[in-house]
Amino acid sequence: MPKIAIASNSKGGLEDVVASRFGRAPTFTIIELDDKGNIINVKVIENPGVNAPGGAGVKAVQALINEGVDIAVGPSFGPNAKAILDEMNIKAITIPAGTKISEAIEYVKREIGLA
Amino acid sequence: MVLELVIASGKGGVGKSTLSSTLALYLAKQGYNVIAVDADADAPNLHLIYGIDRWEIEEDYREAWIAEIDYDKCTMCGICAEICSYKAIKLIDNRYVINTIICEGCLTCSLACPKKAIRRRQITSGKIRIAKTPYGFPLVSAKLNVGRPNSGKLVTEVKNRAKELAREDTIIVVDSAAGIGCQVISSLAGAHAAILVAEPTPASFSDLKRVHMVTKHFLLPTGLVINKYDLNPHYTRKILEYAKQEHMDVLGIIPYDDNVPKAMAKMKPLVELYPQSPASIALLRIVSKVEERVVKGWSEWFREYKPRKPVPYKPIILKPPNIGKG
Amino acid sequence: MKIKISVTGGKGGTGKSTIAVNLAVSLLRYRDVVLADLDVEAPNDHILLGIRLTNEQPVKIMLPFIEYPKCIRCGVCAKVCDTGAIIITREKLPFIIPRLCSGCRACYFACPVSAIVEGQRIIGYTYHSKANTIHGSLDLITGVLREGEEHTPPVVLAARERAINIAKDVLLVDTSAGTANHVAIALEDSKLALAVTEPTPLGLHDLEMILELTERLGIETWVIVNRWGIEDTTRLEEVVRKYNSSIIVQIPYSREIIDSYIKGKPLVEVHPDHEISKIFYRLAKTISEVI
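Protein chains in written order, with the numbering used here: chain R, 622 to 736; chain B, 373 to 698; chain E, 697 to 987.
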């Protein structure tokens with residue numbers, strides 16, 4: 622039952638869009654899917670890295686680790702964030718900024734074979 | 373989307389600020405929404421090129437600590453001086469004294485002190501300033517107080533302030549510092565593209581290769597501008613060959629021009645003061661290419677010039693003996 | 697009795713390295729000289745001397761390793777890490793991100809159960825090369841930061857220490873531009889600083905910063921004006937007076953310096969009778985008498 626975190630541009634949620642930055646996205650929309658790909662939970666968390674003076678990507682990933690996320694979605698990943706996601710076995714998927722989150726989920730489902 | 377372009381060089385004094393100030397100005401005149409960022413917190417000078425003498429916003433940046441010894445508790449064991457990685461603690465006149473200029477605020481000494489005699493103090497490490505240029509677009513600038521470390525954090529903060537001001541379609545032009553250390557790495561982090569500036573000398577070529585290695589770590593599509601190319605056509609050719617091998621987009625070359633320092637002395641951009649000067653003409657050709665190729669043609673340019681072979685950064689690690697598995 | 701002299705200057709590209717190299721060669725006439733290139737992000741002195749970097753020694757900083765069997769998962773190490781180099785996994789175990797670690801050892805001292813063991817990470821190198829000049833052999837110590845590394849000060853420190861160890865008489869230090877703390881580390885304990893500037897508003901602005909730094913470090917500073925002749929120097933003279941300094945030398949702009957720069961040999965070797973070479977020799981003589 623995959624947990625997907627999508628870097629969101631403003632207040633988060635299915636109606637929001639993918640942020641222009643991963644590490645400094647204002648919020649992460651965390652979507653839980655069941656084995657058939659249905660959405661069973663949507664949660665929005667603030668990104669602790671948004672105003673961090675340094676290592677924003679790292680702080681963002683720490684927050685996702687704390688939430689038990691399996692898949693991270695952003696427009697791109699800085700080298701720090703990418704390296705840690707790889708180490709923590711969290712799959713990183715890039716989806717262009719501005720994509721509606723509800724659409725992004727469909728893309729992710731196709732990527733992981735759930736659609 | 374917000375497009376972030378960073379101008380870097382490795383070597384100082386080769387023309388980064390001339391190029392970034394011209395690029396921001398040109399794009400603004402073409403009607404784009406532009407924010408100029410001076411990320412050279414050690415020695416900012418974009419405000420001097422634009423002729424800004426007053427800041428609309430000026431804020432202290434206080435995200436820094438230094439260590440302070442409580443002499444009432446200190447028993448002169450000297451452990452702090454021994455473990456300080458920067459040799460910032462010295463025995464002077466029978467007291468252990470922390471050199472506040474060099475102290476980086478890692479606070480290891482306070483953790484190591486057996487008497488808990490070292491505490492931390494927050495300090496102002498620099499300033500963030502914002503002003504509107506005479507051309508209508510904002511300049512976000514940073515100034516690190518002398519002797520302070522970690523300008524990388526200040527640079528990140530400056531870029532954040534710029535992003536706060538940005539709209540959906542803003543172009544952020546970042547003038548980075550010279551070198552390849554934390555302030556340059558912070559300038560490049562999160563950028564979409566890098567434009568590297570070099571002059572045709574062995575020193576500048578060597579530094580160009582070093583900063584280019586860093587842009588490759590960041591997987592950034594990279595353009596190249598050669599300044600004062602006519603001072604040494606032989607070296608200009610060498611650098612152009614390198615650019616070709618490395619698949620960098622050669623955006624143009626600029627001749628040496630006496631009017632460049634003259635315009636800087638008058639605190640006005642070269643292309644405003646001496647638009648017919650040879651360097652101006654070359655610069656305008658270059659920035660218009662940036663507009664065509666990098667701004668308007670972003671997706672194709674990105675696909676074409678992003679590094680073919682990723683060159684990830686790999687730390688060189690020496691494991692301690694007998695470390696357990698975990 | 698070793699004496700340290702630093703060549704510095706807030707603005708990049710003012711000709712610091714060119715002056716440091718030419719001054720080092722000129723000083724060889726009078727004294728034993730070791731030149732230390734502490735501009736570790738963009739070192740150029742070896743290029744200006746036309747020599748290769750040899751005798752490589754790595755610069756290492758501490759890298760923590762967790763002894764997981766001992767770890768009690770308190771998370772204190774991640775809390776005290778100033779650079780965010782320790783992340784806490786789902787199992788509450790600390791995980792180190794080497795590239796972000798600055799080697800400060802805060803985690804090592806903070807761990808309540810001594811579960812952190814010291815490993816190391818190489819972030820750069822120092823080199824010891826010799827240049828055969830017309831006045832004898834010049835020892836050059838160079839510090840080089842590895843590309844992709846963020847943390848400059850340990851490399852500056854290592855190169856500085858290596859240079860101090862081999863210097864017998866005069867140690868001439870070439871710092872990087874700017875006024876950040878790694879410049880302060882390069883300047884520390886200098887008997888004399890030579891601040892190189894150019895007579896432009898940018899040069900002046902950065903000169904004030906470097907003079908403020910050397911004043912705070914308590915180092916006597918002389919000002920060298922390079923590319924003199926391109927601008928009016930009244931404001932420059934005011935700033936110099938304000939910091940109780942003096943303009944010791946003015947080097948006019950010249951094509952020959954640029955040529956020698958490109959040829960990879962110092963001007964004083966390529967054109968020893970040039971008026972600028974004579975300026976360097978006079979400066980070297982003055983310095984050697986004063987110290």
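Just so it is clear, CB atoms sit at the ideal spot from N, CA and C, and this is done for glycine as well.
Enclosing beta strand (DSSP E) for residue i [first to last residue]
i, result
"B/N599", "594-599"
"E/G746", "Run containing E/G746: none; DSSP gives neither H nor E here."
"B/R493", "490-495"
"E/P760", "753-762"
"E/S942", "942-948"
"E/W924", "916-924"
Reference residue i; option with closest CA among the options
i, options, result
"E/I768", "E/P790, E/R978, E/R786, E/Q753", "E/P790"
"R/F643", "R/N701, R/E708, R/P623", "R/N701"
"E/A854", "B/S457, B/S497, B/S548, B/D410", "B/S457"
"R/V679", "E/C803, E/A781, E/E846", "E/A781"
"B/H564", "B/P574, B/Q555, B/F590", "B/F590"
"B/I552", "B/I544, B/S578, B/P574", "B/S578"
"B/S559", "B/G403, B/A408, B/L397", "B/A408"
"E/D955", "B/L511, B/K616, B/H606", "B/H606"
"E/S950", "E/I943, E/E971, E/E965", "E/E971"
"B/Y677", "B/T587, B/I658, B/L397", "B/T587"
"E/K938", "E/E911, E/L744, E/I915", "E/E911"
"E/C797", "E/A811, E/T779, E/S810", "E/T779"
"R/N687", "E/I784, E/M758, E/A873", "E/I784"
"B/K459", "B/T472, B/H419, B/Y614", "B/T472"
"B/R680", "B/L645, B/M620, B/N631, B/P641", "B/M620"
"E/V879", "E/A811, E/V703, E/I860, E/K698", "E/V703"
"E/T875", "E/D928, E/K961, E/L909", "E/L909"
"E/V729", "E/A738, E/G925, E/T822, E/K698", "E/K698"
"B/I429", "B/A415, B/K691, B/K499", "B/K499"
"B/G403", "B/D425, B/I441, B/A637, B/I543", "B/I543"
"E/D902", "B/I495, B/I695, B/V518, B/A411", "B/V518"
"E/L883", "E/E846, E/K864, E/Q946, E/V852", "E/V852"
Cβ of residue i within 9 angstroms of any chain R Cβ
i, result
"B/H584", "no"
"E/R786", "yes"
"B/N405", "no"
"B/N631", "no"
"B/K634", "no"
"B/A400", "no"
C-beta neighbour in chain B for residue i, strict 9 angstroms
i, result
"R/S631", "no"
"R/G695", "no"
"E/P962", "no"
"E/Q816", "yes"
"E/E641", "The question about residue 641 of chain E has no answer, for chain E in this structure spans 697 to 987."
"E/C800", "yes"
Exposure of residue i, with buried meaning 16 or more beta-carbon neighbours within 10 Å
i, result
"B/P682", "exposed"
"E/V986", "exposed"
"B/Q648", "exposed"
"E/M905", "buried"
"B/M448", "exposed"
"E/Y804", "buried"
"E/G820", "buried"
"B/L463", "exposed"
"R/K632", "exposed"
"E/I975", "buried"
Chain E contact for residue i (CB, 9 angstroms cutoff)
i, result
"R/I692", "no"
"R/V682", "yes"
"R/N659", "no"
"B/Q494", "no"
"R/I705", "yes"
Under 9 angstroms between C-beta atoms of residue i and residue j
i, j, result
"E/A896", "E/V919", "The question names Ala, but residue 896 of chain E is Thr in the sequence shown. Against a cut-off of 9 angstroms, the Cβ pair of E/V919 and E/T896 comes out as no contact."
"E/D885", "E/I862", "no"
"E/L890", "E/I944", "yes"
"E/L898", "E/T917", "no"
"B/R520", "B/A436", "yes"
"E/R795", "B/Y685", "yes"
"R/I666", "R/I733", "no"
"B/A439", "B/R501", "no"
"R/T715", "R/F698", "yes"
"E/V869", "E/L907", "no"
"E/G708", "B/K383", "yes"
Closer than 9 angstroms to chain C by CB, residue i
i, result
"R/E708", "In the displayed structure, chain C is absent; the protein chains listed are R, B and E."
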